[in-house]
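Engineer:
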Amino acid sequence: MQRIQHSALVGLVMALLTGGAQATDGLTATEVKIGMVNVQTGPASGLGKGMRYGAEAVFKAVNGKGGVHGRRINLVVGDDGYEPDKAIDETLKMIEQQKVFSLFGYVGTPTANAVLPIVKEMDVPLVGAFTGAMSLRQPVTQQVFNVRASYDDEAETLVAHFLAKGAKSVAVFYQDDGFGTAVLSGTEKALKKRNMAIAAKGTFARNTLAIKTGLAAMLDAKPDAVVMVGTYAPLAAFIKEARTAGLKAQLATVSFVGTDNLVTEVGKDGDGVVISQVVPFPEDNDLPIQRECREALQAHGSERLGFVNFEGCITAKVMVAALERAGKEPGRGELVAALNGMQGYDLGGLKLAFAVGNHQALSDVFLTQIQNGKIAKIR
28 MQRIQHSALV GLVMALLTGG AQATDGLTAT EVKIGMVNVQ TGPASGLGKG MRYGAEAVFK
88 AVNGKGGVHG RRINLVVGDD GYEPDKAIDE TLKMIEQQKV FSLFGYVGTP TANAVLPIVK
148 EMDVPLVGAF TGAMSLRQPV TQQVFNVRAS YDDEAETLVA HFLAKGAKSV AVFYQDDGFG
208 TAVLSGTEKA LKKRNMAIAA KGTFARNTLA IKTGLAAMLD AKPDAVVMVG TYAPLAAFIK
268 EARTAGLKAQ LATVSFVGTD NLVTEVGKDG DGVVISQVVP FPEDNDLPIQ RECREALQAH
328 GSERLGFVNF EGCITAKVMV AALERAGKEP GRGELVAALN GMQGYDLGGL KLAFAVGNHQ
388 ALSDVFLTQI QNGKIAKIR
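If you count the sequence shown from 1, position 218 lands on 245 in this note's numbering, and the numbers rise without skipping.
#1: From Lys355, Gly285, Gly400, Ser129, pick the residue whose C-alpha is nearest to that of Met346; which is it?
#2: Give me, in chain order, the residues of the same chain whose beta-carbon lies closer than 6 Å to that of Phe308; leave out the 5 immediate sequence neighbours on both sides.
#3: Am I right that Val306 and Ala279 are in contact with their C-beta atoms under 8 Å? What's the rounded C-beta distance?
#4: Residues in its own chain within less than 8 Å of Ala141 by CB, not counting five upstream and five downstream?
#5: From Gly75, Gln398, Ile316, Leu366, pick the residue whose C-alpha is nearest to that of Asp298; which is it?
#6: Which same chain residues end up closer than 6 Å to Ala248 when comparing Cβ atoms and leaving out the 5 residues on each side of it in sequence?
#7: Quick one: residues in its chain with C-beta nearer than 6 Å to the C-beta of Ser196, no 5 flanking neighbours on either side, listed in chain order?
#8: Taking the alpha carbon of Arg99 as the point to measure from, which residue in Phe200, Glu351, Leu246 has its own alpha carbon closest?
#9: Hey, which unbroken runs of the alpha helix (DSSP H) at 4 residues or more fall wholly within the region 235-310?
#10: Leaving aside the five residues before and after Asn101 along the sequence, list all residues of the same chain whose C-beta is less than 8 Å from its C-beta, in chain order.
#11: Val64 lies in the beta strand (DSSP E); which residues open and close that run?
#12: With which residues is Ala403 paired in a DSSP beta bridge?
#13: Quick check: the Cα distance between Ile402 and His386, rounded to an integer number of angstroms?
#14: What does DSSP give as the partner residue(s) for Arg99 in the beta ladder?
#15: With DSSP as the reference, identify every bridge partner of Gly229, one or two as the case may be.
#16: Quick check: the region 160-172 against the region 70-90, are there 3 or more CB pairs under 8 Å?
#17: Would you mind working out which of Ala237, Asn234, Leu218 sits nearest Val253, comparing C-alpha positions?
#18: Along the chain, where does the beta strand (DSSP E) that runs through Leu130 open and close?
Laid out in structure tokens, this is it:
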């Protein structure tokens, strides 16, 4: 009994001395540590690097002004190569070794889905994943906060656009994993609303350029339109080979493709390809958020504002606002509560919709198209 009382006393003293390590992981008097795990190498690395660059520009600007409540934001980055198993390993390192306060800016549906059980079990917030998967949205996960519109939102917009342009049949060429099936599902829902079904399906493996079998399925079906689902490298290969093979369909893809990288790789071969976006057009100056992110990037280096680093900037600004609202001595619970309380929060012209029952901040979708080897607005 005496030994038990002694152990309890030692535990209490240690908790008082450390301030409760579990509640303050990643938080000191001068720093808040945020963990980003995403693709920094490989054929989809432009996505992870773009998110990182946009976020770093914001955090650098905040740190230059004294940080958040006197704490500098330390963004720690791990590379998952866009592979789920690596995402799990790197996430565990972030939580168990780096002791990060929150996770942030993951890239990809298969990788985000893979770490979801860890996020739930270890009760660590994950803010602003670069994916529109409904698996991260419904049912609402207490720890997961999405900034961007969903793939269902994007697919609905693309299907409506195709049909307005006279398409009678829509096929889907997709990456054969959680990302591809998420957009496939969104497209099926959009077509079902209109008493239609997907005309044909073709697939390819993640992190490869093995698009020939999927292309053959499209050529056989001869659809009026094709929703392409993948990252920039395989879709650039698909677009070029489809043009050579004589595929006449209207082509479109969702924002995750990495628009700037796709345009660079496909050039004028991509003319006419429609891309749905979840951020306003980067070259416009209509909103304060566009100007603020452009200025942050210019101060951080020479990289121009594009679609992916713009999303990184927007997501980082949401993170900063939540940290500010969480108070001077926040725990992870306070961060979650702060995010839940940001319904109607104005982020430089973008109104957030976070609430306890809605962990998706934005739902707007914008259409763009490759024209003369450059990206342009449709509406």
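Each residue gets a CB set at the ideal place from its N, CA and C atoms; glycine is no exception.
Structural biologist: From the atom records:
#1: Ser129
#2: Lys404
#3: With a Cβ gap of about 17 Å, Val306 and Ala279 do not count as contacting.
#4: Pro111, Asp112, Ala114, Ile115
#5: Gln398
#6: Ala198, Ala226, Ala227
#7: Ala226, Pro250, Asp251
#8: Glu351
#9: 239-248, 259-272, 286-293
#10: Glu58, Val59, Lys60, Ile61
#11: 58-65
#12: Gln396
#13: 30 Å
#14: Glu58
#15: Phe200
#16: no
#17: Leu218
#18: 129-131
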